[in-house]
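2 protein chains.
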Amino acid sequence: MKELKYKQVKTKLTIVKIGGNVINAEKALAIFLKDFASVKGLKILIHGGGKKATELASKLGFQPKMIHGRRITDQANLDVVTMVYAGLLNKKIVAQLQQYNCNALGLSGADANSIQAHKRIVKDIDYGFAGDIDKVDNTIIQSFLENKLTPVFCAITHNKKGQLLNTNADTIAAEIAVALAKTYHVELIYCFEKKGVLKDVNDDNSVMENIDSKLYKIAKDKGVIAAGMLPKLENCFYALQRGVAEISIGNPAIIVNKNQKYTRLVLA
Amino acid sequence: MKELKYKQVKTKLTIVKIGGNVINAEKALAIFLKDFASVKGLKILIHGGGKKATELASKLGFQPKMIHGRRITDQANLDVVTMVYAGLLNKKIVAQLQQYNCNALGLSGADANSIQAHKRIVKDIDYGFAGDIDKVDNTIIQSFLENKLTPVFCAITHNKKGQLLNTNADTIAAEIAVALAKTYHVELIYCFEKKGVLKDVNDDNSVMENIDSKLYKIAKDKGVIAAGMLPKLENCFYALQRGVAEISIGNPAIIVNKNQKYTRLVLA
Numbered sequence: 008m009k010e011l012k013y014k015q016v017k018t019k020l021t022i023v024k025i026g027g028n029v030i031n032a033e034k035a036l037a038i039f040l041k042d043f044a045s046v047k048g049l050k051i052l053i054h055g056g057g058k059k060a061t062e063l064a065s066k067l068g069f070q071p072k073m074i075h076g077r078r079i080t081d082q083a084n085l086d087v088v089t090m091v092y093a094g095l096l097n098k099k100i101v102a103q104l105q106q107y108n109c110n111a112l113g114l115s116g117a118d119a120n121s122i123q124a125h126k127r128i129v130k131d132i133d134y135g136f137a138g139d140i141d142k143v144d145n146t147i148i149q150s151f152l153e154n155k156l157t158p159v160f161c162a163i164t165h166n167k168k169g170q171l172l173n174t175n176a177d178t179i180a181a182e183i184a185v186a187l188a189k190t191y192h193v194e195l196i197y198c199f200e201k202k203g204v205l206k207d208v209n210d211d212n213s214v215m216e217n218i219d220s221k222l223y224k225i226a227k228d229k230g231v232i233a234a235g236m237l238p239k240l241e242n243c244f245y246a247l248q249r250g251v252a253e254i255s256i257g258n259p260a261i262i263v264n265k266n267q268k269y270t271r272l273v274l275a
Numbered sequence: 008m009k010e011l012k013y014k015q016v017k018t019k020l021t022i023v024k025i026g027g028n029v030i031n032a033e034k035a036l037a038i039f040l041k042d043f044a045s046v047k048g049l050k051i052l053i054h055g056g057g058k059k060a061t062e063l064a065s066k067l068g069f070q071p072k073m074i075h076g077r078r079i080t081d082q083a084n085l086d087v088v089t090m091v092y093a094g095l096l097n098k099k100i101v102a103q104l105q106q107y108n109c110n111a112l113g114l115s116g117a118d119a120n121s122i123q124a125h126k127r128i129v130k131d132i133d134y135g136f137a138g139d140i141d142k143v144d145n146t147i148i149q150s151f152l153e154n155k156l157t158p159v160f161c162a163i164t165h166n167k168k169g170q171l172l173n174t175n176a177d178t179i180a181a182e183i184a185v186a187l188a189k190t191y192h193v194e195l196i197y198c199f200e201k202k203g204v205l206k207d208v209n210d211d212n213s214v215m216e217n218i219d220s221k222l223y224k225i226a227k228d229k230g231v232i233a234a235g236m237l238p239k240l241e242n243c244f245y246a247l248q249r250g251v252a253e254i255s256i257g258n259p260a261i262i263v264n265k266n267q268k269y270t271r272l273v274l275a
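Heads up: the protein sequence lines correspond to chains A and B, in order.
The first sequence runs contiguously to residue 275 in our numbering.
The second sequence runs contiguously to residue 275 in our numbering.
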């Protein structure tokens, strides 16, 4: 009976998403990757894009197309983000993790058909080659983890019909966390340049340390939470409701040291 | 006893390398990928670079650096080949194979530490971030194959110290073939735009259908074989001597249909 009890405890899986601003700062990224490599147990990294893609597009003479503040991914911009996210950034991150003896495996959603998506349905706006996720293959990701590999996902998926798609990295992190929550005790950590979700966007120390779904709704309605944070928090509560055990938002250092302020998300 | 005998027969593994000229022609590449997806059994694809990297470098204002006709990989050019080979080309190839129900997994040598290399030692010429291979991890590649995945390698490796390295795709194909020949009956096929090794470089039908190591030496000494083919043939005989069962050189169609001229390499 005792043995049975032990078997029922799920293995811990840490899923970390790092945002563009961490990736932009070479030194901060190196520190983060060393920290990430030191995290014990099973882990997955998801990385955003950073300004490199915008820089490359601009050097190549493309203007990033924006409608209502949202990026439109045309063919030229899809090629750029595929080069930068899946090529330059993903492989540099993998090579650095290998240096720290973390056996990283760089992936797009097309690789091993790990994340299947569809081109966003056109309603008012055609976002171009933007992908909305249909399915994360938890079995193949689990087989990588069991093989002592650390999957490192960039923000590119595919539609299984030969088309690559640009996909929001926060959403990828949430969907992977949900898909693996059936098997693992998943802790999902969103790392970015701030210490957490701020009450006052101009005061870096005004971290909201605990946000439950009720508080989130109130803060959202009152406009206390900055607009940019809303989709991230939507992703968090979506994931919590679907079995992800723990979710935090904070600066990259929290992956190794939680003796500092950060935001912890909980269901109400 | 009969059962034992069956067990001793090695499983077939097909390893295909496609060159830059196939990759440059979008339609030819699509036909090749459909054919490759249809190849039965275990398989691995290795792809070269093509002119996209040179085009991108030129658009960004870098001159490809050449010494004695050989490319020098400085930091800017390494970034370009990492973007193009590991990003754009690798992911487009993987997405297309997925479309044809081939469960492709795009890899650089840094991914899963599958191919470890060192920066080429400087003698007369500093080739920059060019990698010479030290070790292919046959165990991890085998685990992907056993998991019904088809590894798709681009020509980027790493040194396990955080540095990516540009590495010759023909050599990668040969080293992977050698590493897996211990376990599998490996057929290695080099595909390029010609029908095979030509006796007369100006006559596309002058295919040398069988080349053994003796004939190779004679043809090389007499200058019958074009200089560009020599490293490819060196790779072939290196691989044959180390247990690779079959090696062919020809146009991409030979992977599904050998009822045409192509070059077969054999030991003397």
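Cβ coordinates follow ideal geometry from the N, Cα and C atoms, glycine included.
The structure displayed is predicted, hence computed values, not measured ones.
- Should Asn154(A) be flagged as near chain B, meaning a C-beta pair shorter than 8 Å? So, interface residue.
- Query: Just how far apart, CA to CA, sit Ile179(A) and Ser115(A)?
  - Reply: Going from the Cα of Ile179(A) to the Cα of Ser115(A) covers about 10 Å.
- Could you please tell me which residues of the segment 95–109 of chain A, in chain order, have their CB closer than 8 Å to any CB of chain B? Within the segment 95–109 of chain A, the residues whose Cβ lies closer than 8 Å to some Cβ of chain B are Leu95, Asn97, Lys98, Lys99, Val101, Ala102, Gln103, Gln105 and Gln106, listed in chain order.
- Task: Please work out which residues of its chain come closer than 7 Å, Cβ to Cβ, to Ser30(A), disregarding the five sequence neighbours upstream and downstream, and give them in chain order.
- Result: Ser is not the amino acid found at residue 30(A); the sequence shown has Ile there. The answer, listed in chain order, is Leu36, His54, Gly55, Gly57 and Leu96.
- Item | Within 8 Å, strictly: CB atoms of Glu182(A) and Lys19(A) | No, these two residues do not count as a Cβ contact at 8 Å.
- Message: For a cutoff of 8 Å on Cβ pairs, would you count Val91(B) as touching chain A?
- Response: Yes, contact with chain A.
- Give a yes or no on whether 8 Å exceeds the smallest Cβ distance from His125(A) to chain B. Not closer than 8 Å to any Cβ of chain B, the Cβ of His125(A) fails to qualify, so no.
- Task: Please compile the residues from chain A whose C-beta is within a distance smaller than 7 Å of the C-beta of Ser150(B).
- Result: Here the neighbours are Asn154.
- Query: For the beta strand (DSSP E) that Tyr197(B) lies in, which residues bound it at each end?
  - Reply: Annotation for Tyr197(B): the continuous beta strand (DSSP E) segment containing it runs His192 to Cys198.
- Task: May I have a chain-ordered list of the beta strand (DSSP E) segments no shorter than 3 residues that lie completely inside the segment 47–102 of chain A?
- Result: DSSP runs (the beta strand (DSSP E)) wholly in the segment 47–102 of chain A: 49–54, 72–74 and 77–79.
- Through-space distance from Leu49(B) to Thr157(B), alpha-carbon basis: Rounded to whole angstroms, Thr157(B) and Leu49(B) show a C-alpha spacing of 7 Å.
- Cutoff 8 Å: Ser45(B) Cβ touching any chain A Cβ: For Ser45(B), the answer is no, since every Cβ of chain A falls outside 8 Å of its Cβ.
- Neighbour-count burial assignment, Thr21(B), 16 or more Cβ in a 10 Å radius: Burial call: buried.
- Query: Got a sec: is the Cβ-Cβ distance from Gly169(A) to anything in chain B below 8 Å?
  - Reply: At least one chain B Cβ lies under 8 Å of Gly169(A).
- Determine the burial state of Ala233(B): buried for a count of at least 16 other Cβ atoms within 10 Å of its Cβ, exposed for fewer. Exposed is the call here.
- Task: Pull up the distance between the alpha-carbon of Ala102(B) and that of Lys168(A), whole angstroms please.
- Result: When the Cα atoms are used, Ala102(B) and Lys168(A) turn out to be separated by approximately 7 Å.
- Message: Looking at chain B, is there any beta carbon in it that lies within less than 8 Å of the beta carbon of His75(A)?
- Response: Closer than 8 Å: no.
- Item | Selection of the segment 155–189 of chain B by Cβ proximity to chain A, strictly under 7 Å | Residues of the segment 155–189 of chain B with a C-beta less than 7 Å from any C-beta of chain A: Leu156, Ile163, His165, Lys167, Lys168, Gly169, Gln170 and Leu171, listed in chain order.
- Query: So, helix, strand or coil for Ser255(A), using DSSP?
  - Reply: In this structure, Ser255(A) counts as strand in the three-state DSSP scheme.
- Query: Does Gly27(A) have its Cβ less than 8 Å from a Cβ in chain B?
  - Reply: No, Gly27(A) does not count as interfacial toward chain B.
- Message: Is there a C-beta anywhere in chain D that falls below 8 Å from the one on Gly235(B)?
- Response: Among the chains of the structure shown, chain D does not appear; the protein chains present are A and B.
- Query: Going by DSSP, which residues form a beta bridge with Phe160(B)?
  - Reply: Assignment of beta-bridge partners to Phe160(B) by DSSP yields Ile53(B) and Leu114(B).
- In chain A, which residues lie with their C-beta within 8 Å of the C-beta of Lys86(B)? In the sequence as displayed, the identity of residue 86(B) is Asp instead of Lys. Within 8 Å Cβ-Cβ: Leu95.
- Query: Whole-angstrom Cβ separation of Asn175(B) and Ala162(B), contact assumed at under 8 Å?
  - Reply: Yes, Asn175(B) and Ala162(B) are in contact; Cβ-Cβ is about 7 Å, under 8 Å.
- Tell whether a beta-carbon distance below 8 Å holds between Ala276(B) and Leu85(B). It is not possible to answer for residue 276(B), since the shown part of chain B is limited to 8 through 275.
- Report, in whole angstroms, the separation of the C-beta atoms of Ile262(A) and Asp42(A), which I expect to be a contact under 8 Å. Indeed, because the Cβ distance is near 6 Å, the residues count as touching under 8 Å.
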